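Asker: A single structure is presented below for examination.
Following this line, the structure appears as structure tokens:
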């Protein structure tokens with residue numbers, strides 16, 4: 001499968017009080033048509049920066065110090081502003097964590113969906129098409145919903161409308177940044193179910209950014225585990241969850257309360273803190289917290305491929 | 320043993336829509352709960368189930384229509400009773416950073432409860448250091464301001480503040496919301512340690528079932544302001560009596576790609592309190608609903624020792640379980 005979107009060796013830094021904060025360091029991953037990729041990691045691992053780079057929406061002050069983001073072979077980080085407008089929304093669409101702030105509170109849903117859909121092609125903004133898309137994302141009374149304001153919808157409904165808004169432009173890549181984090185467990189399950197159903201009829205690629213391992217396991221084909229701005233491990237979802245090679249992946253999976261035996265007196269923790277991204281330790285970034293670190297871990301880490309389609313950034317990873 | 324907290328037939332309502340409206344909308348209906356000293360009770364349910372309202376009512380922050388509240392066996396009626404309650408029971412708020420005043424240092428914040436309740440504070444710095452040590456924070460953090468803290472540190476400061484007056488009960492509203500899994504595990508271990516060392520009782524409000532399974536002895540499930548199931552956590556998770564509890568457990572995403580759900584455990588969302596369904600209020604989403612569920616509201620009955628559930632279909636589901644069914648309310 002040829003990659004639809006591929007991130008090659010991407011490095012991004014932000015200005016900080018002392019020096020520059022290395023938010024991404026040589027991140028490499030790719031996603032193909034019809035594939036769902038999960039990007040998982042804890043706060044400060046760079047997953048949101050990576051998602052923003054995939055749509056060239058990095059905040060002010062961010063500097064790309066190396067690498068590329070290619071959509072169908074075109075480096076989107078080099079595009080002129082006019083070409084970027086066509087890219088965003090049309091080729092790549094994004095669904096944010098809090099759908100309340102994604103919508104304008106004083107315009108009706110119908111008006112806003114028409115704006116999104118019609119930005120590039122007015123014919124796409126026909127009310128019947130908008131209503132059909134709302135039906136597709138599971139809104140029970142679409143005609144009524146089009147006349148409503150964002151505050152009149154529940155969180156789950158707003159997230160469905162946000163997904164509809166993203167799909168209306170028929171993008172090649174749909175990026176969802178923490179799409180279920182603000183929702184109840186029942187609504188989370190329904191949004192996961194919806195995204196899974198949409199995959200069947202959506203020919204593009206889906207990228208889910210989340211800190212929730214359960215969401216990745218339920219939804220994705222492949223997963224990239226991020227730590228301190230690097231892709232620590234990547235591979236098929238089954239391999240990563242059942243045969244994790246990177247000690248960070250192993251630790252992250254082990255401390256999820258959903259997998260720990262409820263009778264255990266204490267939950268496993270990782271211990272220590274993520275490193276200061278303005279002043280990284282030599283060698284492996286996880287080495288100060290790693291339970292199986294060796295002296296060699298202070299040396300630059302090679303990326304290894306323990307199996308086809310897998311990669312791991314660890315001195316011990318080839319075992 | 321006298322329960323540290325007793326809630327009996329608590330009902331809370333709010334004014335209906337419209338400025339002059341005389342109608343009242345029930346938010347909590349005859350909720351009864353008890354927390355024994357050193358016990359941890361979790362209140363679970365979706366948004367709109369009334370769990371936060373219950374916590375606010377217990378702390379005296381929400382007017383109640385009917386029902387009795389007792390703290391340490393003493394009834395809570397007058398404002399003075401609530402002043403005592405707020406000294407001996409502490410609240411941990413959902414948004415830890417937002418609950419800390421941005422202009423005060425951590426050292427001042429953790430000793431603030433002592434100042435408010437006019438406790439003698441001969442050496443505030445030392446008290447602050449001790450409280451911070453109890454929650455596993457270094458003493459140097461006392462000089463920092465809330466915006467300089469990470470999410471996990473802010474949560475620990477919230478716990479230190481809750482401990483300042485030596486409470487017997489801690490009410491924790493979503494104690495790990497917004498934390499990373501590894502930090503979440505640290506906070507849960509801290510809560511467990513404090514419970515063991517200080518005999519704290521907890522009332523934990525959460526929609527995170529994975530968390531509840533680890534920290535709660537007992538669990539009460541709320542739906543539209545009513546308790547639909549209550550019982551020991553392990554047994555409720557092993558064999559939920561109410562279809563709603565079963566749906567909640569099934570809806571949880573499993574961190575195992577080999578155990579993906581093909582179907583949906585539950586559809587839709589909690590109905591609005593403006594339009595409470597007739598009969599059993601869960602029948603609109605219940606996979607097992609039958610005619611009787613649409614007509615009559617089921618009572619809360621004892622399905623096993625220490626276990627209650629509110630469902631018409633218990634006889635069919637629980638036929639394998641021993642024990643008589645006793646109606647405990649209507």
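Chains as they are written, first to last, in my numbering: chain S, 1 to 319; chain B, 320 to 649.
Just so it is clear, CB atoms sit at the ideal spot from N, CA and C, and this is done for glycine as well.
Quick caveat, the model's predicted, so the values are computed rather than measured.
In chain B, which residues lie less than 9 Å from residue 16 of chain S when you measure between Cβ atoms?
Answerer: Along the first chain, read from residue 1 onward, the residue named residue 16 of chain S stands at position 16. Neighbours of residue 16 of chain S on chain B: none; closest Cβ ~14 Å, over 9 Å.
Asker: Of the choices S:25, S:203 and S:244, whose alpha-carbon is the least far from that of residue 91 of chain S?
Answerer: Sequence index remark: in the first chain, residue 91 of chain S carries index 91 (1-based). Checked all of S:25, S:203 and S:244; the closest Cα to residue 91 of chain S is S:203.
Asker: On the three-pair Cβ rule with 8 Å, is the segment 373-387 of chain B touching the segment 496-514 of chain B?
Answerer: No, because fewer than three Cβ pairs between the segment 373-387 of chain B and the segment 496-514 of chain B fall closer than 8 Å, the two stretches do not touch.
Asker: What is the rounded straight-line gap between the Cα of residue 602 of chain B and the Cα of residue 616 of chain B?
Answerer: Position 283 of the second chain holds residue 602 of chain B. Position 297 of the second chain holds residue 616 of chain B. So the alpha carbons of these two residues sit roughly 10 Å apart.
Asker: I need the DSSP call for residue 91 of chain S, collapsed to helix, strand or coil.
Answerer: Residue numbering aside, residue 91 of chain S sits at position 91 when the first chain is read from its first letter. Here residue 91 of chain S sits in helix by DSSP.
Asker: Would a C-beta distance cut-off of 7 Å place residue 47 of chain S and residue 39 of chain S closer than the cut-off?
Answerer: The count along the first chain starts at 1 and reaches residue 47 of chain S at position 47. The count along the first chain starts at 1 and reaches residue 39 of chain S at position 39. Contact: yes.
Asker: For the alpha helix (DSSP H) that residue 232 of chain S lies in, which residues bound it at each end?
Answerer: Walking along the first chain from the start, residue 232 of chain S turns up at place 232. Here residue 232 of chain S belongs to no alpha helix (DSSP H); instead the beta strand (DSSP E) covers 230-236.
Asker: Roughly how many angstroms lie between the CA atoms of residue 472 of chain B and residue 456 of chain B, to the nearest whole one?
Answerer: For the purposes of this step, residue 472 of chain B is taken as residue 153 along the second chain, with counting starting at 1. For the purposes of this step, residue 456 of chain B is taken as residue 137 along the second chain, with counting starting at 1. Computed Cα separation, rounded: 8 Å.
Asker: Just to confirm the assignment, what range does the alpha helix (DSSP H) spanning residue 413 of chain B have?
Answerer: By 1-based counting over the second chain, the position of residue 413 of chain B is 94. Per DSSP, residue 413 of chain B belongs to no alpha helix (DSSP H) and is neither H nor E.
Asker: Count the CB pairs spanning the segment 206-226 of chain S and the segment 28-35 of chain S that are closer than 8 Å, and state whether there are at least three.
Answerer: Taking 8 Å as the limit for Cβ pairs, the verdict is that the segment 28-35 of chain S does touch the segment 206-226 of chain S.
Asker: Would you mind telling me which residues of chain B sit closer than 9 Å to residue 214 of chain S, beta carbon to beta carbon, in chain order?
Answerer: For the purposes of this step, residue 214 of chain S is identified with residue 214 of the first chain, where counting begins at 1. Near residue 214 of chain S (Cβ distances below 9 Å), the residues of chain B are 529, 571, 572, 573, 574 and 575.
Asker: By alpha-carbon positions, which one of S:58, S:62, S:275 and S:169 ends up nearest to residue 113 of chain S?
Answerer: Taking the first chain and counting its residues from 1, the one referred to as residue 113 of chain S is at position 113. Cα-wise, what sits closest to residue 113 of chain S is S:169.
Asker: Check whether the segment 356-366 of chain B and the segment 541-551 of chain B are in contact - that is, three or more C-beta pairs closer than 8 Å.
Answerer: Touching, yes, given that three or more Cβ pairs across the two stretches are closer than 8 Å.
Asker: Using 10 angstroms around the beta-carbon of residue 121 of chain S, count the other beta-carbons present and answer buried if the total reaches 16, otherwise exposed.
Answerer: Here the question's residue 121 of chain S lines up with position 121 in the first chain. With fewer than 16 Cβ atoms within 10 Å of its Cβ, residue 121 of chain S is classed as exposed.
Asker: Look up residue 115 of chain S in the DSSP assignment and say whether it is helix, strand or coil.
Answerer: Sequence index remark: in the first chain, residue 115 of chain S carries index 115 (1-based). DSSP places residue 115 of chain S in helix when its eight states are reduced to three.
Asker: Going along the segment 445-465 of chain B in order, which residues come within less than 8 Å of chain S, judged by CB to CB distance?
Answerer: Result list empty, no residue passes.
Asker: Are the C-beta atoms of residue 643 of chain B and some chain S residue less than 7 Å apart?
Answerer: Numbered from its first residue, the second chain carries residue 643 of chain B at position 324. Caution is warranted here: a pLDDT of 44 is assigned to residue 643 of chain B, below 50, making its placement in the model unreliable, and the coordinate value is therefore given only provisionally. For residue 643 of chain B, the answer is no, since every Cβ of chain S falls outside 7 Å of its Cβ.
Asker: To the nearest angstrom, how far is the alpha carbon of residue 137 of chain S from that of residue 241 of chain S?
Answerer: Sequence index remark: in the first chain, residue 137 of chain S carries index 137 (1-based). Sequence index remark: in the first chain, residue 241 of chain S carries index 241 (1-based). Taking the straight line from one Cα to the other gives about 29 Å.
Asker: Examine the Cβ distances between the segment 583-601 of chain B and the segment 220-233 of chain S and report whether three or more of them are shorter than 8 Å.
Answerer: No, they do not touch.
Asker: Give me the DSSP bridge partner(s) of residue 22 of chain S.
Answerer: On the first chain, residue 22 of chain S is found 22 positions in, with the first residue counted as 1. Answer by DSSP bridge pairing, in chain order: S:13.
Asker: Taking 7 Å as the CB-CB cut-off, is residue 151 of chain S touching chain B?
Answerer: The residue labelled residue 151 of chain S in the question sits at position 151 within the first chain. Answer no: the Cβ-Cβ gap between residue 151 of chain S and chain B never drops below 7 Å.
Asker: Taking only runs that begin and end inside the segment 116-147 of chain S, name each unbroken alpha helix (DSSP H) of 4 or more residues, in chain order.
Answerer: Runs found: 127-136 and 142-146.
Asker: Roughly how many whole angstroms lie between the Cα atoms of residue 620 of chain B and residue 561 of chain B?
Answerer: For the purposes of this step, residue 620 of chain B is taken as the residue at position 301 of the second chain. For the purposes of this step, residue 561 of chain B is taken as the residue at position 242 of the second chain. Distance between the alpha carbons of residue 620 of chain B and residue 561 of chain B is about 11 Å.
Asker: Does the beta carbon of residue 501 of chain B come closer than 7 Å to any beta carbon on chain S?
Answerer: By one-based count along the second chain, residue 501 of chain B stands at place 182. Chain S, which has a Cβ nearer than 7 Å to the Cβ of residue 501 of chain B, makes this yes.
Asker: When burial is assigned at 16 or more other CB atoms within 10 Å of the CB, is residue 537 of chain B buried or exposed?
Answerer: Counting from one through the second chain, the residue named residue 537 of chain B turns up at place 218. When all chains shown are included, residue 537 of chain B counts as buried.
Asker: Less than 7 Å between the beta carbons of residue 282 of chain S and residue 298 of chain S, yes or no?
Answerer: In the first chain, the residue the question calls residue 282 of chain S occupies position 282. In the first chain, the residue the question calls residue 298 of chain S occupies position 298. A contact, by the Cβ cut-off of 7 Å.
Asker: Would a check of beta-carbon distances place residue 186 of chain S closer than 7 Å to chain B?
Answerer: Position 186 of the first chain, counting from 1, holds the residue named residue 186 of chain S. Yes, residue 186 of chain S counts as interfacial toward chain B.
Asker: Could you check which residue in S:269, S:52, S:261 and S:135 has the C-alpha nearest to that of residue 249 of chain S?
Answerer: Taking the first residue of the first chain as 1, we reach residue 249 of chain S at position 249. Residue S:269 is the option with its Cα nearest to residue 249 of chain S.
Asker: Using only alpha-carbon positions, find the residue among S:181, S:61 and S:63 that is nearest to residue 98 of chain S.
Answerer: Looking up residue 98 of chain S in the first chain gives position 98. Looking at the Cα atoms, S:181 is the closest of the given residues.
Asker: Starting from residue 623 of chain B, trace the beta strand (DSSP E) in both directions and tell me its first and last residue.
Answerer: For the purposes of this step, residue 623 of chain B is taken as the residue at position 304 of the second chain. It spans 620-623 - the beta strand (DSSP E) in which residue 623 of chain B sits, taken as one unbroken run.
Asker: Which of the three DSSP states is assigned to residue 248 of chain S in this structure?
Answerer: Locating residue 248 of chain S in the first chain gives position 248, counting from the first residue. Three-state DSSP puts residue 248 of chain S in a helix.
Asker: For a minimum of 3 consecutive residues, which ranges assigned as the beta strand (DSSP E) are wholly contained in the segment 448-493 of chain B?
Answerer: Taking only runs of at least 3 residues, the beta strand (DSSP E) segments lying wholly in the segment 448-493 of chain B are 488-492.
Asker: Which residue marks the beginning of the alpha helix (DSSP H) containing residue 49 of chain S, and which one marks its end?
Answerer: Residue mapping note: residue 49 of chain S aligns to position 49 of the first chain, counting from 1. Run containing residue 49 of chain S: 47-53, per the alpha helix (DSSP H) assignment.
Asker: Could you give the distance in angstroms between the alpha-carbon of residue 623 of chain B and the alpha-carbon of residue 454 of chain B?
Answerer: Translated into the one-based positions of the second chain, residue 623 of chain B becomes position 304. Translated into the one-based positions of the second chain, residue 454 of chain B becomes position 135. Going by the C-alpha atoms only, they are around 38 Å apart.
Asker: On the DSSP letters alone, give me the boundaries of the alpha helix (DSSP H) that residue 185 of chain S sits inside.
Answerer: Here residue 185 of chain S is taken as the residue at index 185 of the first chain, counted from 1. From DSSP, the alpha helix (DSSP H) with residue 185 of chain S extends over 185-201.
Asker: Out of B:512, B:494, B:547 and B:506, state which residue places its alpha-carbon closest to the alpha-carbon of residue 524 of chain B.
Answerer: One-based indexing of the second chain puts residue 524 of chain B at position 205. For the residues B:512, B:494, B:547 and B:506, the minimum Cα distance to residue 524 of chain B belongs to B:494.
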